[in-house]
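Peer 1: Sharing a structure here in structure tokens format.
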Amino acid sequence: GEKVEQHESTLSVREGDSAVINCTYTDTASSYFPWYKQEAGKSLHFVIDIRSNVDRKQSQRLTVLLDKKAKRFSLHITATQPEDSAIYFCAASRTGGYKVVFGSGTRLLVSP
Amino acid sequence: GALVYQYPRRTICKSGTSMRMECQAVGFQATSVAWYRQSPQKTFELIALSTVNSAIKYEQNFTQEKFPISHPNLSFSSMTVLNAYLEDRGLYLCGAREGEDEQYFGPGTRLTVL
Numbered sequence: 001g002e003k004v005e006q007h008e009s010t011l012s013v014r015e016g017d018s019a020v021i022n023c024t025y026t027d028t029a030s031s032y033f034p035w036y037k038q039e040a041g042k043s044l045h046f047v048i049d050i051r052s053n054v055d056r057k058q059s060q061r062l063t064v065l066l067d068k069k070a071k072r073f074s075l076h077i078t079a080t081q082p083e084d085s086a087i088y089f090c091a092a093s094r095t096g097g098y099k100v101v102f103g104s105g106t107r108l109l110v111s112p
Numbered sequence: 113g114a115l116v117y118q119y120p121r122r123t124i125c126k127s128g129t130s131m132r133m134e135c136q137a138v139g140f141q142a143t144s145v146a147w148y149r150q151s152p153q154k155t156f157e158l159i160a161l162s163t164v165n166s167a168i169k170y171e172q173n174f175t176q177e178k179f180p181i182s183h184p185n186l187s188f189s190s191m192t193v194l195n196a197y198l199e200d201r202g203l204y205l206c207g208a209r210e211g212e213d214e215q216y217f218g219p220g221t222r223l224t225v226l
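Here the protein sequences line up with chains A and B, keeping their order. Residue numbers for the first sequence, in our numbering: 1 to 112. Residue numbers for the second sequence, in our numbering: 113 to 226.
As structure tokens, this is what we get:
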């Protein structure tokens, strides 16, 4: 079955810097790649997603890149703020199959 | 907009007892509902996926005998943790989708087992 690997377990940046979180997946049939944020003690909050018909999607300070050939996708956060600090989870899913497989999470720490 | 509610938000049960949690979708039709567990310091493991008009599919290490799920209509699902033990503690998330749209997650039910 699908396996999603999230390469950075912790990422520390200074406020205003950029942060990049990388994920890889194994199932070539995966076509939907959402990202979620979990703040301390809270549930998941949808951040941004990308589908396999594009290789880039931007929403304000967030950009997701998808490299289908390498089976790799990444979340780029520019101009980071302390409130961006949280655990970020990448995930992958087939469109027909509904099962969403999560990565292990990356703890992003943005220091003032 | 689309919202998913979960009840209760937190619960404590004694070891060996059972606990039922509920998930309600508002603003869309939950044609599929997935239940996940996040054990302490871990990621989200899929327990089972329920799709209307299909059998509920359980992942390896999770069984219907331990985590019976009901998905009687397009807005509601429930799951029970039977004979809960320490290893069952964690945050249980319900994720609901309409067709191939984005999966919306509820706030979770945090289970503590004493």
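By construction, the Cβ of each residue, glycine as well, lies at the ideal position given by its N, Cα and C atoms.
Can you list the residues of chain B that A:S104 reaches, using a CB-CB cut of under 9 Å?
Peer 2: Those are K154 and T155, listed as they occur along chain B.
Peer 1: Counting only the same chain and skipping the five closest in sequence on each side, list residues whose C-beta sits under 7 Å from that of A:E39.
Peer 2: The residues are A86.
Peer 1: Is B:E199 helix, strand or coil when you go by DSSP?
Peer 2: B:E199 falls in the helix class under three-state DSSP.
Peer 1: Going along chain A, which residues have a C-beta under 8 Å from B:G202?
Peer 2: Result: empty, since nearest Cβ-Cβ is about 12 Å, beyond 8 Å.
Peer 1: What residue ranges within the segment 140 to 221 of chain B form continuous alpha helix (DSSP H) runs of no fewer than 4 residues, ordered along the chain?
Peer 2: Qualifying alpha helix (DSSP H) stretches: none in this window.
Peer 1: List the residues of chain A that B:G207 touches, going by C-beta distances under 7 Å, in chain order.
Peer 2: Chain A residues near B:G207: V100.
Peer 1: For A:L109, tell me which candidate among A:T80, A:Y36, A:D49 and A:A29 has the shortest Cα-Cα distance.
Peer 2: The residue with the shortest Cα to Cα distance from A:L109 is A:T80.
Peer 1: Excluding sequence positions up to five away, which residues of its chain have a Cβ less than 7 Å from the Cβ of B:T163?
Peer 2: Cβ neighbours of B:T163 beyond the five flanking positions: T143 and S144.
Peer 1: CA-CA distance, B:G218 and B:S130?
Peer 2: About 21 Å.
Peer 1: Please return the same chain residues whose Cβ sits closer than 7 Å to the Cβ of A:E5, not counting the five positions on each side in sequence.
Peer 2: Hits under 7 Å: C23, T24 and G103.
Peer 1: Just to check, is the beta-carbon of B:H183 closer than 7 Å to a non-hydrogen atom of the ligand FAD?
Peer 2: Because no ligand of any kind appears in the structure shown, any question about the ligand FAD cannot be addressed here.
Peer 1: If we count the other Cβ atoms within 10 Å of its Cβ and call it buried at 16 or more, is A:S31 buried or exposed?
Peer 2: Label assigned to A:S31: buried.
Peer 1: Per DSSP, A:K37 forms a beta bridge with which residues?
Peer 2: The partner list for A:K37 (beta bridge, DSSP) reads A:H45 and A:Y88.
Peer 1: Three or more beta-carbon pairs under 8 Å between the segment 1 to 19 of chain A and the segment 39 to 55 of chain A, yes or no?
Peer 2: Result no; under three Cβ-Cβ pairs closer than 8 Å.
Peer 1: Check whether the Cβ of A:T95 lies closer than 8 Å to any Cβ atom in chain B.
Peer 2: Yes - at least one Cβ of chain B is within 8 Å of the one on A:T95.
Peer 1: With a cut-off of 8 Å on the beta carbons, I'd call A:F89 and B:F174 a contact; round off their distance for me.
Peer 2: With a Cβ gap of about 20 Å, A:F89 and B:F174 do not count as contacting.
Peer 1: Distance, Cα to Cα, A:Q60 vs A:L66?
Peer 2: So the alpha carbons of these two residues sit roughly 17 Å apart.
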